[in-house]
Amino acid sequence: MNNSIVFIEMGLAGYALAAVINTLFALLLVTGWRGRYQGAFLLIAVITNALWSGLLILGVLSKTLSFWSYYLAEIVRSGAWLAFLLSMMGEFREKRLIRPEWSLVNTVYLVVAVNLLICAAAYLAGEKPINENLSVWPLLGLLGLPLIGLVLVEQIYRNTPDVKRWTIKFLCVGIGAMFAYDIYLYSNALLFRQLNMVYWSARGFVGVIIVPLLAVSVARSPQFSTGIFISRHVVFYTTALTGVGAYLLLMAAGGYYLKAYGGTWGGLTQTVFLFGAILLLVLIMLSGQARSRLKVFIVKHFFRNKYDYRLEWLRLINTLSDSASELSLQQRAIKCLARIVSARGGCLWMRGEATDYELVATWNMKCSLQVKEPHDSPFVEFLKKKEWVIDLGEVPPPGGLLIPEWLDDLKTKGAWLVVPLINDDGVFGFVILESAGKRTGLTWEDTDFLKTVGRQITSYLALEEAAEQLSQARQFEAYNKLAAFVIHDINNLMSQLSLVTQNAVKHMGNPLFVQDAMQTIENSVEKMNGLLRKLRKGNANSEKTICLNDLLKQVVEECGTRKPPLMLEIAQKDIELLIDAEQLSMAIRHLISNAQDATSADGIVKICMSADDERVRLKVEDNGCGMTDDFVKKRLFRPFDSTKTNKGMGIGAFEVKEYVQSIGGSISVDSAVDRGTSVTITLPRRLETKEMSVMENVEVVHG
942 MNNSIVFIEM GLAGYALAAV INTLFALLLV TGWRGRYQGA FLLIAVITNA
992 LWSGLLILGV LSKTLSFWSY YLAEIVRSGA WLAFLLSMMG EFREKRLIRP
1042 EWSLVNTVYL VVAVNLLICA AAYLAGEKPI NENLSVWPLL GLLGLPLIGL
1092 VLVEQIYRNT PDVKRWTIKF LCVGIGAMFA YDIYLYSNAL LFRQLNMVYW
1142 SARGFVGVII VPLLAVSVAR SPQFSTGIFI SRHVVFYTTA LTGVGAYLLL
1192 MAAGGYYLKA YGGTWGGLTQ TVFLFGAILL LVLIMLSGQA RSRLKVFIVK
1242 HFFRNKYDYR LEWLRLINTL SDSASELSLQ QRAIKCLARI VSARGGCLWM
1292 RGEATDYELV ATWNMKCSLQ VKEPHDSPFV EFLKKKEWVI DLGEVPPPGG
1342 LLIPEWLDDL KTKGAWLVVP LINDDGVFGF VILESAGKRT GLTWEDTDFL
1392 KTVGRQITSY LALEEAAEQL SQARQFEAYN KLAAFVIHDI NNLMSQLSLV
1442 TQNAVKHMGN PLFVQDAMQT IENSVEKMNG LLRKLRKGNA NSEKTICLND
1492 LLKQVVEECG TRKPPLMLEI AQKDIELLID AEQLSMAIRH LISNAQDATS
1542 ADGIVKICMS ADDERVRLKV EDNGCGMTDD FVKKRLFRPF DSTKTNKGMG
1592 IGAFEVKEYV QSIGGSISVD SAVDRGTSVT ITLPRRLETK EMSVMENVEV
1642 VHG
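To convert a position in the sequence shown, counted from 1, into the working numbering, add 941.
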């Protein structure tokens, strides 16, 4: 009697655990259900299983569990699972794998109907405890339900195509095991005319065990339309933890045996044995090869795909984008490919300047080859044509490949795979991976993933290469721009000196001309020296505080020798600026020169200067030929675009704009054909000026 009580208590614990596990599983199914009818039938079956477990617990605890109520609960629970199996068989009937008139479906209905009739008879016969003598017919009815369930499971598995069986394998095993245990339970009850309480008590734990099998199949198969996701990390670490626990239990049992039967040496033997066992466990856990094999085992038996592509892609992008890493981008690229197939290391070959392929980086692999692989070699042509991942261990090589001699020598040192890096231009490079020990055969999923990752890596490597080329191009561009500016300034100076030499023949005897010529030559030499100093200093700061009024008067005086004459209007005296006087005078001089070129000898060129507390404005305006809006917008400030045939390089206006914008200023142009042009430079006030009255400080200077 005491044993019966113990078994019932243990059985209640098993049924309670089954109710909890099935309820959690049902919640997962509800959150992931997308409306597919097979998923609905599975959800109903799981909920029924949870309710069935709960009703049995309540019946036992309240001591109201009679055989007919137990019988009814069994019919409902088994009927829910049979309905789920029939929903799966509906797909086969639609595909004509099973005829619609197949008698097994009708047999299911008949068995359930007969059981309902027997249940009604049991109710009319009166309440009877489930562990007392029972009649044959109810037990035969209960035995028929799992029998027909096993037949349905067998039909589903047999009619499923081979390529899809892996998705329902665990489902069939789980439901089949549940029905097989029921057959064993009711066969025993039919033999002894009563339920065995030991078997009945263990039934709840059996229900707990099959739930993980169902969850795996649900996660694998899209036909249930669920969003259940089993994390590979969780599965891996859970499996590892379970294995460690089983190992420790086994070693503890072995240690106990040694202590019990080892005599006087038992305690010592047990201690040494357990120490060695724990040390061996630590070594296994630290073994990369052991972890790799465990991952392969888990992936083969629990997951649809070998790789968790979301995590793999995130890891790939994070590794390639990790600019803070001590590894170069080339080494990080090798690392990404090596981690996919658990390779020890590798080396990267890329196309060089001579278009031949040469070794550019290694990661965890000793390789110092100085050999260059020609871009038109049979090996490179094979990679370009096939785009295959080459397993160097294959004998003979795939596709009639002729392996280069240097690569054949590298194979003897551990080289394993050749992964091509392909882009639109052909073979950008290739990575050779070194085996970490025992080589596993590559599947189509391995090769496709390696090729896809290779494409992504190629884009990163090509982008870095393009960035380096762009940086060099920008350096050359800056150098060429500087050379153009220098040539432009020299060209202006040469124009002044040429004018002196042309007039020297006529006016050499004129002391005033000689004096003016010497001043021009001296001014040109000073400007050349300033230009040389600027070239030596590079971008060194040559700003200093100047009086803008004096600078404008000097520029007007120098440019006033040409016609038309210049007019200078200054609205405020003693404007001081912290600026590069040479650069500013060059810019103003260029604007004045352009205005004089565009204006007739009897025209007007006027330079105006005004200021407020924040800005200084310099305006050069003329009444010359003017420019169209289209020319101002598209061509005026474009370098090397000039309307002065054989007179200019088309860089002056561009140079002025670049300089003004570089010091925080702006330049605007207002022009119209046959009306004239007005160019305004606005500069920021860099220093405070003396307070002067604007009205009393207007002067006109004629050049």
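Ideal Cβ placement from N, Cα and C applies to all residues, glycine included.
- The three-state secondary structure of glutamate 1498, taken from DSSP, is helix.
- In the pairwise beta carbon analysis, the segment 1354-1373 is classified as touching the segment 1272-1284: at least three pairs are separated by under 8 Å.
- Tryptophan 1141 sits in a helix when the DSSP states are folded into three classes.
- In the three-state reduction of the DSSP assignment, threonine 1621 falls in the strand class, which pools E and B.
- At the C-beta level, leucine 1492 and isoleucine 1529 come within 9 Å of one another.
- In the structure shown, tryptophan 1254 adopts helical secondary structure according to DSSP, grouped into three states.
- According to DSSP, residue pairing for isoleucine 1520 in a beta bridge involves Lys1485.
- Between the segment 1284-1292 and the segment 1382-1395 there are fewer than three inter-stretch CB-CB distances shorter than 8 Å, so the stretches are not counted as touching.
- Boundaries of the beta strand (DSSP E) around glutamate 1299: 1298-1304.
- Annotation for serine 1003: no alpha helix (DSSP H) segment contains it, and DSSP assigns it neither H nor E.
- In the DSSP annotation of this structure, aspartate 1263 is not part of any alpha helix (DSSP H), being labelled neither H nor E.
- Following the DSSP letters along the chain, one finds proline 1505 in no alpha helix (DSSP H), marked with neither H nor E.
- Bridge partners of alanine 1356 according to DSSP: Glu1375.
- Collapsing the DSSP output to three states places proline 1337 in coil.
- Apart from sequence neighbours up to five positions away, the residues of its chain that approach histidine 1316 with a beta-carbon distance below 6 Å are Thr1296, Asp1297, ordered along the chain.
- Per the C-alpha coordinates, the member of Ile1608, Thr1442, Val1573 positioned closest to threonine 1621 is Ile1608.
- When beta bridges are read from the DSSP output, isoleucine 1331 appears opposite Val1359.
- Per the coordinates, the alpha-carbon of leucine 1507 lies some 40 Å from the alpha-carbon of arginine 1415.
- Measuring C-alpha to C-alpha distances from aspartate 1387 to each of Glu1253, Lys1494, Phe1454 identifies Glu1253 as the nearest.
- By DSSP's assignment, alanine 1613 forms a beta bridge with Gly1617.
- Only exposed fits isoleucine 1258, as fewer than 16 other CB atoms lie within 10 angstroms of its CB.
- Relative to the Cα of leucine 1525, the nearest Cα in the group Asp1553, Ser1541, Arg1503, Lys1485 belongs to Lys1485.
- Each residue's CA atom was taken as its position, placing leucine 1333 and lysine 1352 some 7 Å apart.
- Under the three-state reduction of DSSP output, serine 1283 falls in the coil class, being neither helix nor strand.
- Bounds of any alpha helix (DSSP H) do not take in valine 1312, whose DSSP letter is neither H nor E.
- Arginine 1161 and alanine 981 have their C-alpha atoms spaced approximately 17 Å apart.
- Setting aside the 5 residues that flank it on each side, aspartate 1570 has no residue in the same chain whose C-beta is closer than 6 Å to its C-beta.
- Here glycine 1117 is not near valine 1152, since their CB atoms are 9 Å or more apart.
- Closest in C-alpha terms to lysine 1504, from the list Leu1023, Cys1488, Gly1565, Ile1604, comes Gly1565.
- Around leucine 1374, the same chain offers Ala1279, Ala1284, Gly1287, Trp1357, Leu1358 as residues with beta carbons nearer than 6 Å, after the five sequence neighbours per side are excluded.
- Gly1370 is the residue among Gly1370, Leu1222, Val1330 whose C-alpha sits nearest the C-alpha of arginine 1292.
- In the DSSP assignment, aspartate 1563 falls outside any alpha helix (DSSP H) and within the unbroken beta strand (DSSP E) covering 1556-1563.
- Under DSSP, cysteine 1549 shares a beta bridge with Glu1510, Lys1560.
- Runs of the beta strand (DSSP E) lying entirely within the segment 1091-1155 and spanning at least 3 residues: none are present.
- Going by beta carbons, alanine 986 and alanine 1021 fall inside the 9 Å limit.
- Using a Cβ distance threshold of 9 Å, leucine 1270 and valine 1159 do not count as a contacting pair.
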